[in-house]
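To start, the structure itself, in structure tokens.
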RNA sequence: GUGAUCGUAGCUCAGUUGGUUAGAGCGCCGCGUUGUGGUCGCGGAGGUCGGGGGUUCGAGUCCCCUCGGUCACCCCA
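In the numbering used here, the protein residues as written are 26 to 464.
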């Protein structure tokens, strides 16, 4: 807090601590499960790359032009922290030349040097998939379906899938020119803040939020009218596939997305539960040509990225995906000299029973408080009496003050006894669930 | 990079027109006699008022700078 005397997490980063991390673990597991079921394998690639890897991906985009987190190492190598997932995967593909189709996924941090705000950080965490080696439109459908089903499995309902086609590389270029010329003719009707985009990056004008621009855009030429017949048919096939899988989508001709390596299909899933400026919870597209540009064989590819922070924000907004707070099975309370706690917790853990204990020889009252707070289901009590009698007292911390909440068992039967008690289901109203803390 | 707004105990916040030893709730620690948590009662610890400079007899309260949080623009997960 005091900037001069203490350290804090760098700007735009934050610590994720228990119990919130339990929700992260559950989310990642849900994602991994969904994509592994579809045959995607985990890739762990470096968090930083030669800066050229990312520059190759999009010279004109802000992501690499002004938001790159780059540095020079002691060997004078110019490196950059990964700003997005696809470039690293493509580099790895070119380097290792695996058999295609190469279907992979990742769960990794991304870095962008930009001012933080709601749902946007300098370090954020992305879950994503990439599938390289096939131009089949059904692969587009598969990738989108996997992403859609993943979000649905979290309980998200207030989301919409937007899809578009940028056509072939040539279609995209032609349309960009066409749009540029049209915008230049209507420059005065454009919101002043959007005018400087026209020369550099006319496509950017399409996702402007300004009223004047939006009004003008209603009459602007649409990419849909510029697609070559092949690209148009291909897009129909993708939309038809989504329809067959009962995944509702909205054709959105203004969806161009920020990375300019996209060809053909681009898509985005937005959450209407988020009123923040950042409502995109998952986005991606096809990037035929990117692999070749990276120096590899001409290989088509498609993928998406989804930000964990934003997905969780959307879950909070909809009140879904609460995760159960996992306490240990047994909490050992030792009011003798602590040796019993030391030995018993270890024995329980070795037997597969999650166990914790208090330290520092605190009073029984204090230890019971800690046991309660820990979320443990059972307290295993060792006092002078138990020690002398060779027994242990087992108390069910969720059973209230009922008669049978507590039993004393011989020490050498404790493992069997605990296994038996823990096997019985606990009542649902004692389950603790947790959403992330509202802030 | 631009703009707005905020910055008081671990957390959420009060702090009169600048005036003596800075408060509350929650949390934390201890106690309520003989070994039992979750309720209740009592007590306690914990703050260089983000940091630096200035104005003033005197500043948490005014001014400047700086760092940080939040939100928006740009752009994006």
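Cβ coordinates follow ideal geometry from the N, Cα and C atoms, glycine included.
N- and C-terminal bounds of the beta strand (DSSP E) containing residue 128: Locating residue 128 in the first chain gives position 103, where the first residue counts as 1. Per DSSP, residue 128 belongs to the beta strand (DSSP E) from 127 to 136.
Where the beta strand (DSSP E) through residue 305 begins and ends: Locating residue 305 in the first chain gives position 280, counting from the first residue. Here the beta strand (DSSP E) through residue 305 covers 305 to 311.
Residues bridged to residue 327 [DSSP beta-bridge criterion]: For the purposes of this step, residue 327 is taken as residue 302 along the first chain, with counting starting at 1. Beta-bridge pairing links residue 327 to 156, 311.
Check whether residue 155 and residue 114 have beta carbons under 9 Å apart: The residue given as residue 155 occupies position 130 in the first chain. The residue given as residue 114 occupies position 89 in the first chain. Going by C-beta atoms, residue 155 is nearer than 9 Å to residue 114.
Delimiting residues of the beta strand (DSSP E) encompassing residue 294: Taking the first chain and counting its residues from 1, one reaches residue 294 at position 269. Per DSSP, residue 294 belongs to the beta strand (DSSP E) from 288 to 296.
Cα-Cα separation, residue 236 to residue 244: In the first chain, counting from the first residue as 1, residue 236 sits at position 211. In the first chain, counting from the first residue as 1, residue 244 sits at position 219. Near 14 Å, if we compare the C-alpha coordinates of residue 244 and residue 236.
Close Cβ partners of residue 247 (< 7 Å) along its chain, the five nearest in sequence each way excluded: Within the first chain, numbered from 1, the residue matching residue 247 stands at position 222. If we look at residue 247 and ignore the five residues flanking it on each side, its Cβ neighbours are 278.
Spatial distance of residue 31 from residue 282 (CA atoms): On the first chain, position 6 is the one that residue 31 refers to. On the first chain, position 257 is the one that residue 282 refers to. Distance between the alpha carbons of residue 31 and residue 282 is about 40 Å.
Neighbour-count burial assignment, residue 29, 16 or more Cβ in a 10 Å radius: Your numbering for residue 29 matches position 4 in the first chain. The predicted model places residue 29 with a pLDDT of 46, which falls under 50 and marks its position as unreliable; any figure quoted below should be read in that light. Residue 29 comes out exposed.
Inside the stretch 385 to 439 only - beta strand (DSSP E) runs reaching at least 3 residues: 403 to 407, 416 to 421, 431 to 435
Integer Cβ distance of residue 89 from residue 316, believed to fall under 8 Å: Working through the first chain from its first residue, we reach residue 89 at position 64. Working through the first chain from its first residue, we reach residue 316 at position 291. With a Cβ gap of about 18 Å, residue 89 and residue 316 do not count as contacting.
Own chain partners of residue 55 with C-beta closer than 8 Å, once the 5 adjacent residues on each side are dropped: Here residue 55 refers to the residue found at position 30 when the first chain is read from its first residue. So the list reads 175, 178, 179, once near-sequence residues are dropped.
Separation of residue 252 from residue 196, as counted between CA atoms: The count along the first chain starts at 1 and reaches residue 196 at position 171. The count along the first chain starts at 1 and reaches residue 252 at position 227. The alpha-carbon atoms of residue 196 and residue 252 are separated by roughly 6 Å.
Same chain, Cβ closer than 6 Å to residue 260, five either side skipped, listed in chain order: Here residue 260 refers to the residue found at position 235 when the first chain is read from its first residue. So the list reads 190, once near-sequence residues are dropped.
C-beta atoms of residue 38 and residue 147 nearer than 9 Å: On the first chain, position 13 is the one that residue 38 refers to. On the first chain, position 122 is the one that residue 147 refers to. Yes, the Cβ-Cβ distance between residue 38 and residue 147 is below 9 Å.
Option nearest residue 133 by Cα separation, candidates 273, 435, 393, 330: Translated into positions along the first chain, residue 133 becomes position 108. For the residues 273, 435, 393, 330, the minimum Cα distance to residue 133 belongs to 330.
Cα-Cα separation between residue 405 and residue 420, rounded to whole angstroms: As a first step, residue 405 is located in the first chain; it is residue number 380 there, counting from the start. As a first step, residue 420 is located in the first chain; it is residue number 395 there, counting from the start. When rounded, the distance between both Cα atoms is 6 Å.
Nearest-angstrom beta carbon gap, residue 111 and residue 13 [assumed within contact, 8 Å]: Outside the shown range of the chain (26 to 464) lies residue 13, about which nothing can therefore be said.
Selected residue, minimal CA-CA separation from residue 312, among 413, 326, 407: The residue given as residue 312 occupies position 287 in the first chain. Ranking the options by Cα distance to residue 312, first place goes to 326.
Among 223, 427, 369, nearest to residue 417 - alpha-carbon criterion: Numbered from its first residue, the first chain carries residue 417 at position 392. Per the Cα distances, 369.
Residue 49 and residue 272 closer than 9 Å at C-beta: As a first step, residue 49 must be located in the first chain, where it is residue number 24. As a first step, residue 272 must be located in the first chain, where it is residue number 247. Taking 9 Å as the Cβ cut-off, residue 49 and residue 272 do not qualify as a contacting pair.
Of the residues 159, 167, 285, the one placed nearest residue 201, counting alpha carbons only: Position 176 of the first chain holds residue 201. Of the candidates 159, 167, 285, the one whose C-alpha sits nearest the C-alpha of residue 201 is 285.
Residue 411, buried or exposed, once every other Cβ within 10 Å from all chains shown has been counted against 16: By 1-based counting over the first chain, the position of residue 411 is 386. Label assigned to residue 411: buried.
Rounded distance between the beta-carbons of residue 314 and residue 194, thought under 8 Å: Position 169 of the first chain, counted from the first residue, corresponds to residue 194. Position 289 of the first chain, counted from the first residue, corresponds to residue 314. Contact holds; Cβ gap of about 6 Å.
Cutoff 8 Å; reference residue 36; Cβ partners in own chain excluding five residues on either side: As a working note, residue 36 is residue 11 in the first chain. Result list for residue 36: 141, 147, in chain order.
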